[in-house]
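Q:
2 protein chains.
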Amino acid sequence: MRIAVDAMGGDQGAHEVVRGVIDAARRSSAHFFLVGDATLLEAELSKARPRPSNVEVIAASQIIEMCDEPVAAFKKKPDSSVVVAARMVKEKKADALVTIGNTGAAMAVSLLTWGRIKGIDRPAIATPLPSLAGTVILLDAGATPDCDPNNLYEFAVMGSVYAECLFGVKRPRIGIVSNGEEESKGNQLVKRTHALFKQVINSSSPFQFVGNVEGKDIFRGGADVVVCDGFVGNVVLKTGEGVAEMVLKLIKEELGRHTWMKPFLIPIMPALRNLRRRIDYAERGGAPLLGVNGICIIGHGRSNAYAVTNACKAAERAVQQSVTETIRRRICEMPTPPPE
Amino acid sequence: MRIAVDAMGGDQGAHEVVRGVIDAARRSSAHFFLVGDATLLEAELSKARPRPSNVEVIAASQIIEMCDEPVAAFKKKPDSSVVVAARMVKEKKADALVTIGNTGAAMAVSLLTWGRIKGIDRPAIATPLPSLAGTVILLDAGATPDCDPNNLYEFAVMGSVYAECLFGVKRPRIGIVSNGEEESKGNQLVKRTHALFKQVINSSSPFQFVGNVEGKDIFRGGADVVVCDGFVGNVVLKTGEGVAEMVLKLIKEELGRHTWMKPFLIPIMPALRNLRRRIDYAERGGAPLLGVNGICIIGHGRSNAYAVTNACKAAERAVQQSVTETIRRRICEMPTPPPE
Chain F
0 MRIAVDAMGG DQGAHEVVRG VIDAARRSSA HFFLVGDATL LEAELSKARP
50 RPSNVEVIAA SQIIEMCDEP VAAFKKKPDS SVVVAARMVK EKKADALVTI
100 GNTGAAMAVS LLTWGRIKGI DRPAIATPLP SLAGTVILLD AGATPDCDPN
150 NLYEFAVMGS VYAECLFGVK RPRIGIVSNG EEESKGNQLV KRTHALFKQV
200 INSSSPFQFV GNVEGKDIFR GGADVVVCDG FVGNVVLKTG EGVAEMVLKL
250 IKEELGRHTW MKPFLIPIMP ALRNLRRRID YAERGGAPLL GVNGICIIGH
300 GRSNAYAVTN ACKAAERAVQ QSVTETIRRR ICEMPTPPPE
Chain P
0 MRIAVDAMGG DQGAHEVVRG VIDAARRSSA HFFLVGDATL LEAELSKARP
50 RPSNVEVIAA SQIIEMCDEP VAAFKKKPDS SVVVAARMVK EKKADALVTI
100 GNTGAAMAVS LLTWGRIKGI DRPAIATPLP SLAGTVILLD AGATPDCDPN
150 NLYEFAVMGS VYAECLFGVK RPRIGIVSNG EEESKGNQLV KRTHALFKQV
200 INSSSPFQFV GNVEGKDIFR GGADVVVCDG FVGNVVLKTG EGVAEMVLKL
250 IKEELGRHTW MKPFLIPIMP ALRNLRRRID YAERGGAPLL GVNGICIIGH
300 GRSNAYAVTN ACKAAERAVQ QSVTETIRRR ICEMPTPPPE
């Protein structure tokens, strides 16, 4: 198995990506390509003792920056690290792409280089989130801001495959993000989607429909997969991040208020660190762009080496479990939604 | 000033509402009406020592339950506590309504009893949320799930008035909840709303437009008021609640993991309690339904006595500051948005 890693994206620089890939390579029999500025990447790589034999540098002379407009950047920068890495997958020189760069560019590049899976109208980013029960997969987290019920139906199919393949969930429970649990709740999109799901998903389907899920219940573990349009998904994701960050900052503020408290804090620091780890995006290792003809794992721009390692692991597992093939098969097997 | 309180809503029973109102009455010169089951309320009230002279029981024989369908309940239960309380405002026997019952019913009852403010097409619930800078007002939090740009413009006008009147913010900074800060980001609604705001809001407007606000930035304090449709607003609110709850549960879990840790926790408990207080909905004291011809403060169904007291204070302040009048005046003064 061969993983092509776009080494030039990310807020923390190539150094962090290289460290993450080296760590992934040491624990794996897969072959890793570090794609980007060859001189820089060789220099970073040569710092590793011993240098892992299953990591190889592939030169790419351009970089798509965080501020670049995705489609324009794809056209103007054919030798950028993410485009070169995607092309390797297209040409069957690699089995998956991992990137922590510009998310919009990763989507545009994957979509334009590989095309969509037949039967999938729009792609979706499936983000694994922490929940009290472990992990819940949210999609779409931002690929398709405006959706119709059919799009959400395809997201349900793709999300169920990902929950099965990556997290070993049998007959995943699918929910629709809404402003209330009752069937009567929701905006127009949610109401129409609810009606469609009830009509098409039944006891012989490879996944279950558990109805609407309120924002606060997403994290309680009542569903394995929650679907919504990419606008709402992105807002859920970022709101969650913002609140978790605020609570952790306020804890720090409250506990740091009195110096006499300090000695009492030392013994509980490991517990607080463990807490941060449990709600940390890095633990969950990147989100796949589903619906395209290839495996693309997108990591958070803030990813550190540890998050990069986890994104590489997710890519390996997605290849092993033939996620793309399974989606292609399942979307064919599922009944076609009737016209509204 | 007279405040009519629907005493029969809420998950914690009338007992908690009565306690909250008594506490509000003791700190205020306003007159409070407790509307609901007269025998029950008199019994609860008579427990107070001394019994405050500015709290009076008004009989209402019916209750709108949490599960009741709002509009049907309004028609079928004309003697329910919330309907009687709203009628008192309509008949100028009270100046504001406070309820912690069925939110949908509170909206339907206010709207159908009082009507809308002229110039306001759809009402909005304005929820004050904690932020690192203090408080940010989110609207709509659930009154109008499907919106057009004009609705969001009206929300901006109403939210700016509330921020000014209740929180003393001068020329409030208004943001649009979006999936990215850039003007190019957003779903169709957000893009059209952004264009409208840029056209209509300028340096002589009584509020400022600060552009799009991502989910994680809502809580960072970069805007005083953020607007979105009622579906997205409800999802933001509930997601925030869910994540805060999860983080606090995980803290408890992590800190409770080892018994030897207990003695170290005792001195920091006040800090953790203070944290909970700072992110607690109760502190912020209920959300007004804006756009209707009267003041209606809606508290969380889980509200305890303390939250009820704060909701009463918000109602008093909204009356003192003539929030409804100010909205009526400002919506007339603002330029009418041009047709798209």
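Heads up: the sequence lines are chains F and P, in that order.
Anchor point for the first sequence: position 88 equals 87 in numbering that gives the first Met the number 0, and the numbering is continuous, going up by one each time.
Anchor point for the second sequence: position 327 equals 326 in numbering that gives the first Met the number 0, and the numbering is continuous, going up by one each time.
Backbone N, C-alpha and C fix where the C-beta goes; we use that ideal spot for every residue, glycine too.
#1: For the alpha helix (DSSP H) that contains residue 242(P), what are its first and last residues?
#2: Please tell me whether residue 244(P) has its Cβ less than 8 Å away from any Cβ of chain F.
#3: Which whole-angstrom value is the C-beta distance of residue 342(P) and residue 70(P), which I expect to be below 8 Å?
#4: Which class does residue 170(F) belong to by DSSP, given the choice of helix, strand or coil?
#5: With DSSP run on the structure shown, which of helix, strand or coil describes residue 272(P)?
#6: Since residue 207(F) is in the beta strand (DSSP E), which residue starts that stretch and which ends it?
#7: Strictly below 8 Å CB to CB, what residues from chain P border residue 260(F)?
#8: Anything in the stretch 202 to 218 of chain F with a Cβ closer than 9 Å to a Cβ of chain P? List those residues in chain order, please.
#9: Run the CB neighbour count on residue 268(F), radius 10 Å, all protein chains shown included, and call it buried at 16 or more, exposed below.
#10: Just the C-alpha distance for residue 184(P) and residue 236(F), rounded to the nearest angstrom, thanks.
#11: Can you pull the DSSP bridge partners for residue 356(F)?
#12: When you compare only the Cα positions, how much space is there between residue 82(F) and residue 65(F)?
#13: Please report how far the alpha carbon of residue 226(F) lies from the alpha carbon of residue 271(F), in whole angstroms.
#14: Taking CB distances under 8 Å as the criterion, tell me whether residue 191(P) reaches chain F.
#15: Using a Cβ-Cβ cutoff of less than 7 Å, which residues in the same chain neighbour residue 86(F) once the five nearest sequence positions on both sides are dropped?
#16: Below 8 Å on the Cβ atoms is my contact criterion, and I expect residue 159(P) with residue 206(P) to pass it. Report the Cβ-Cβ distance as a whole number of Å.
#17: Which residues in chain F sit within 9 Å of residue 263(P), going by Cβ to Cβ distance?
#18: In its own chain, which residues sit with a C-beta less than 6 Å from the C-beta of residue 84(P), not counting the 5 before and 5 after it?
#19: Between 187(F), 119(F), 115(F), 26(F), which lies nearest to residue 144(P) when the distance is taken from Cα to Cα?
#20: Out of 221(F), 0(F), 265(F), point me to the one whose CA is closest to residue 131(F)'s CA.
#21: Is residue 292(P) closer than 8 Å to residue 323(P) when the C-beta atoms are compared?
#22: Using C-beta distances below 7 Å, list every residue in its chain close to residue 168(F), excluding the 5 sequence neighbours before and after it, in chain order.
#23: Whose C-beta lies closer than 6 Å to the C-beta of residue 60(F) among residues of the same chain, with five residues either side of it excluded?
#24: Taking the alpha-carbon positions, what's the residue 108(P) to residue 101(P) distance?
#25: Would you kindly work out how many angstroms separate the C-alpha atoms of residue 67(F) and residue 7(F), rounded to a whole number?
#26: If residue 217(F) sits next to residue 214(P), beta carbons under 8 Å apart, how far is it from one beta carbon to the other, in whole angstroms?
#27: Output needed for residue 264(P): all residues of its chain with C-beta closer than 7 Å, excluding positions within five of it in sequence on either side, in chain order.
#28: Give the range of the alpha helix (DSSP H) segment to which residue 326(P) is assigned.
#29: Quick one: does residue 67(P) have its CB under 8 Å from some CB of chain F?
A: With the given structure in hand:
#1: Counted from its first residue, the second sequence places residue 242(P) at position 243. Element bounds for residue 242(P): 229 to 254.
#2: On the second sequence, residue 244(P) is found 245 positions in, with the first residue counted as 1. Residue 244(P) counts as touching chain F.
#3: There is no way to answer for residue 342(P), as the model of chain P reaches only from 0 to 339.
#4: Here residue 170(F) refers to the residue found at position 171 when the first sequence is read from its first residue. Residue 170(F) falls in the coil class under three-state DSSP.
#5: Along the second sequence, read from residue 1 onward, the residue named residue 272(P) stands at position 273. Three-state result, residue 272(P): helix.
#6: Counting from one through the first sequence, the residue named residue 207(F) turns up at place 208. Residues 207 to 213.
#7: Here residue 260(F) is taken as the residue at index 261 of the first sequence, counted from 1. By Cβ distance, chain P contributes 266, 267, 270.
#8: 213, 214, 215, 216, 217, 218
#9: For the purposes of this step, residue 268(F) is taken as residue 269 along the first sequence, with counting starting at 1. Residue 268(F) should be labelled exposed.
#10: Within the second sequence, numbered from 1, the residue matching residue 184(P) stands at position 185. Within the first sequence, numbered from 1, the residue matching residue 236(F) stands at position 237. Answer to the nearest angstrom: the Cα atoms are 16 Å apart.
#11: No answer is possible for residue 356(F): the residues shown for chain F start at 0 and end at 339.
#12: As a position in the first sequence, residue 82(F) is number 83, starting the count at 1. As a position in the first sequence, residue 65(F) is number 66, starting the count at 1. The straight-line gap from Cα to Cα measures roughly 14 Å.
#13: Sequence index remark: in the first sequence, residue 226(F) carries index 227 (1-based). Sequence index remark: in the first sequence, residue 271(F) carries index 272 (1-based). Going from the Cα of residue 226(F) to the Cα of residue 271(F) covers about 31 Å.
#14: Against the second sequence, residue 191(P) aligns to sequence position 192. With 8 Å as the cut-off, residue 191(P) does not count as an interface residue toward chain F.
#15: For the purposes of this step, residue 86(F) is taken as the residue at position 87 of the first sequence. Counting only Cβ-Cβ distances below 7 Å, and skipping sequence neighbours, we find 112.
#16: To locate residue 159(P), count along the second sequence from 1; it is residue 160. To locate residue 206(P), count along the second sequence from 1; it is residue 207. About 4 Å separates the two Cβ atoms, so the contact holds.
#17: To locate residue 263(P), count along the second sequence from 1; it is residue 264. Near residue 263(P) (Cβ distances below 9 Å), the residues of chain F are 262, 263, 264, 265, 266, 267.
#18: Residue 84(P) sits at position 85 when you count from the first residue of the second sequence. So the list reads 3, 5, 34, 96, once near-sequence residues are dropped.
#19: What you label residue 144(P) is simply residue 145 of the second sequence in a count that begins at 1. Of the listed residues, the one whose Cα sits closest to residue 144(P) is 187(F).
#20: In the first sequence, counting from the first residue as 1, residue 131(F) sits at position 132. Out of 221(F), 0(F), 265(F), 221(F) has the C-alpha closest to the C-alpha of residue 131(F).
#21: For the purposes of this step, residue 323(P) is identified with residue 324 of the second sequence, where counting begins at 1. For the purposes of this step, residue 292(P) is identified with residue 293 of the second sequence, where counting begins at 1. Yes, the Cβ-Cβ distance between residue 323(P) and residue 292(P) is below 8 Å.
#22: Here residue 168(F) corresponds to residue number 169 of the first sequence, with the count starting at 1. For residue 168(F), where only same-chain residues beyond five positions count, the Cβ hits under 7 Å are 162, 223.
#23: On the first sequence, position 61 is the one that residue 60(F) refers to. The residues are 78.
#24: Taking the second sequence and counting its residues from 1, one reaches residue 108(P) at position 109. Taking the second sequence and counting its residues from 1, one reaches residue 101(P) at position 102. Spanning the two alpha carbons is a distance of roughly 10 Å.
#25: In the first sequence, residue 67(F) corresponds to position 68, counting from 1. In the first sequence, residue 7(F) corresponds to position 8, counting from 1. Roughly 14 Å separates the two Cα atoms.
#26: What you label residue 217(F) is simply residue 218 of the first sequence in a count that begins at 1. What you label residue 214(P) is simply residue 215 of the second sequence in a count that begins at 1. That belief does not hold up - the Cβ atoms of residue 217(F) and residue 214(P) are roughly 13 Å apart, past 8 Å.
#27: Translated into positions along the second sequence, residue 264(P) becomes position 265. Once the five neighbours on either side are set aside, the close Cβ partners of residue 264(P) are 254.
#28: Position 327 of the second sequence, counted from the first residue, corresponds to residue 326(P). Run containing residue 326(P): 322 to 332, per the alpha helix (DSSP H) assignment.
#29: Taking the second sequence and counting its residues from 1, one reaches residue 67(P) at position 68. It does not: the Cβ of residue 67(P) has no partner Cβ on chain F nearer than 8 Å.
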